[in-house]
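Keeping their order, the protein sequence lines are chains A and B. Using our numbering, read the first sequence as starting at 7 and increasing by one per residue. Using our numbering, read the second sequence as starting at 7 and increasing by one per residue. A virtual CB, placed ideally from N, CA and C, is assigned to each residue, including glycine. Values in this document were obtained by computation on a predicted structure and should not be read as measured data. Here's the structure we're looking at; comments come further down.
There are 2 protein chains.
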Amino acid sequence: MAGEYILYSMESSGNCYKPRLLLHQLEIPFRLVETDTRTGITRQAQYLALNPAGRVPLLVLPDGRRLSESNAMLLYLGENTRYLPADKYERAVCWQWLFFEQYDHEPYIAVARSWLRIYPDRMGKATPDQIAAWQEKGHRALKVMETRLRESPFLAGSSYSVADMALYAYTHVAHEGDFDLAPYPAIRDWLARVAAQPGHVPMTWRP
Amino acid sequence: MAGEYILYSMESSGNCYKPRLLLHQLEIPFRLVETDTRTGITRQAQYLALNPAGRVPLLVLPDGRRLSESNAMLLYLGENTRYLPADKYERAVCWQWLFFEQYDHEPYIAVARSWLRIYPDRMGKATPDQIAAWQEKGHRALKVMETRLRESPFLAGSSYSVADMALYAYTHVAHEGDFDLAPYPAIRDWLARVAAQPGHVPMTWRP
């Protein structure tokens, strides 16, 4: 069907949840194609023809062109909407948090969750050294967020933006990677503010 | 001095080189503050007051506000210039490559170079397992770039953009992390195209 967004997604993935959440909040209709990467389907020729990187999420635009990278999707869909700040500096702060998410947060908080809860069979048993490294670096990222959220209701500034969607995705399920959010009251308050936004939809996967 | 951009930078860092390159290509005057992170200066109170993350690069805007994350700087400085595509989809492809750079490229290609050439004293001796992992994942990223650059002169499409700046930074010194670019003719041609752009300035640090 022409004229339709298609999101190739996996239910347990926070990266896939990000564009799904934004599409809902923008009330953009889309077709969700649930793709369990554990079955190897994303490594098969039919999928690789769509996305040579063999990853989800993948967003197919109404004209058939494709986009990968969850945070690039947030920027593409969010541009000129209330979810990307109109002020240039706040927009830059938003970008800053999106890169922080992929470099300093996801590789520890999401990866710990993948190993410990989603793919324990495929990944093998995490070593104590791996777990200690995830904990150290993940908590470092959480402290950076806590500091910011003590001074600002949302990450980019006064308004809820795609930066909050990007960081909410894996922070609100951080306990599934054995991260305790008790020491982070500002983060916990912010999680509740994000979940209370109009059009919010939850992640549905549970371990 | 009000009205001046200040870039806190370290000469050997590709992440610091990115905004320096763009500032030059945009002919924006700026003050460069060379900051050797090996001396611990970025962990001292004076610097932490500027950037609590204790990292370079840090861009201080003419009005005194600060921005971290090299790729956020590229987007901030590049917006509404010829270095960020005017077409929305090409712009999204540009974002896609910026996130790819931070997630799939920098953590292997830049990190190998840091351990092997820049900080061998501080990092300790890299283990064969670490080196093998950097090689495997770094070459995976280089293959993705090679595939793209066989079909397109620049990463985002027909024009040189901030995506090329971001990926050029660590790709053109990949040999310093023991990555051999011989198998990637399209990447090597692209490196030459990037270096031939008007206003290009080289990285000056050499191991």
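* Asked: Are the Cβ atoms of A:Ala172 and A:Leu80 separated by less than 8 Å?
  -> Cβ atoms of A:Ala172 and A:Leu80: closer than 8 Å.
* Same chain, Cβ closer than 7 Å to B:Tyr114, neighbours up to 5 away in sequence not counted -> If we look at B:Tyr114 and ignore the five residues flanking it on each side, its Cβ neighbours are Trp140, Lys143, Gly144 and Ala147.
* How many angstroms separate the CA atom of A:Met16 from the CA atom of A:Asp127? -> Approximately 17 Å between the Cα atoms of the pair.
* Asked: In chain order, what residues of the same chain have a beta carbon less than 8 Å from the beta carbon of B:Val62, not counting five sequence neighbours either side?
  -> Taken in chain order, the residues that qualify are Tyr14, Ser15, Met16, Ser19, Asn21, Cys22, Thr41, Thr43 and Thr48.
* Rounded straight-line distance, which links the Cα of B:Pro58 to that of B:Pro213 -> So the alpha carbons of these two residues sit roughly 29 Å apart.
* With 8 Å as the threshold, decide whether the Cβ of B:Glu75 is near any Cβ in chain A. => Chain A has a Cβ within less than 8 Å of the Cβ of B:Glu75.
* CA nearest to the CA of A:Leu197, picked from A:Gly205, A:Asp184, A:Phe185 and A:Val179 -> For the residues A:Gly205, A:Asp184, A:Phe185 and A:Val179, the minimum Cα distance to A:Leu197 belongs to A:Val179.
* May I ask you to list, following chain order, the residues of the stretch 129-157 of chain A that have a beta carbon less than 7 Å from some beta carbon of chain B? => Within the stretch 129-157 of chain A, the residues whose Cβ lies closer than 7 Å to some Cβ of chain B are Val150 and Thr153, listed in chain order.
* Asked: Do three or more CB pairs link the stretch 159-177 of chain A to the stretch 89-109 of chain A at distances below 8 Å?
  -> Yes: at least three Cβ pairs fall under 8 Å.
* **One or two residues paired with A:Ile137 in a DSSP bridge** => DSSP links A:Ile137 through a beta bridge to no other residue.
* At least one CB of chain A closer than 8 Å to the CB of B:Trp121: is that the case? -> No, its Cβ sits nowhere closer than 8 Å to a Cβ of chain A.
* Asked: Does any C-beta atom of chain B lie closer than 8 Å to the C-beta of A:Pro220?
  -> The question about residue 220 of chain A has no answer, for chain A in this structure spans 7 to 213.
* **Spatial distance of B:Arg156 from A:Lys131 (CA atoms)** => Distance between the alpha carbons of B:Arg156 and A:Lys131: 40 Å.
* **For A:Ala98, the nearest candidate out of B:Asn77, B:Tyr190 and B:Ile124 (CA to CA)** => Nearest in C-alpha terms to A:Ala98, of all of B:Asn77, B:Tyr190 and B:Ile124, is B:Asn77.
* **Helix, strand or coil at A:Ile34 according to DSSP, with G and I counted as helix** => It is coil, neither helix nor strand.
* Span of the alpha helix (DSSP H), counted from its first residue to its last, around B:Ile12 -> Annotation: B:Ile12 is outside any alpha helix (DSSP H); the continuous beta strand (DSSP E) that includes it extends over Tyr11 to Ser15.
* Asked: For B:Leu64, which beta-bridge partners are listed by DSSP?
  -> For B:Leu64, which the question treats as bridged, DSSP gives the partners B:Tyr14 and B:Ser74.
* To do: Pick out whichever of B:Tyr95, B:Val39, B:Asp110 and B:Gln203 has its Cα sitting closest to the Cα of B:Met151.
  => Checking every option, the nearest Cα to that of B:Met151 belongs to B:Asp110.
* So which of A:Lys94, A:Ala202, A:Gly183 and A:Thr177 has the shortest CA-CA distance to A:Tyr190? -> Among A:Lys94, A:Ala202, A:Gly183 and A:Thr177, the Cα nearest to that of A:Tyr190 is on A:Thr177.
* Look at the alpha carbon of B:Glu33 and the alpha carbon of A:Trp211, and state the distance between them as a whole number of angstroms. => Straight across, the Cα-Cα distance linking B:Glu33 with A:Trp211 is about 50 Å.
* DSSP puts A:Val39 in a beta bridge; with which residues? -> A:Tyr14.
* **Cβ-based neighbour list, A:Phe185, same chain, cut-off 8 Å, excluding 5 preceding and 5 following** => Counting only Cβ-Cβ distances below 8 Å, and skipping sequence neighbours, we find Ile115, Ala118, Gln141, Gly144, His145 and Leu148.
* Asked: Among B:Ser167, B:Ser158 and B:Glu182, which residue has its Cα nearest to the Cα of B:Asn86?
  -> Ranking B:Ser167, B:Ser158 and B:Glu182 by Cα distance to B:Asn86 puts B:Ser167 first.
* Asked: Along chain A, which residues have their Cβ under 7 Å away from the Cβ of B:Phe105?
  -> Here the neighbours are Glu75, Asn77, Ala78 and Gln108.
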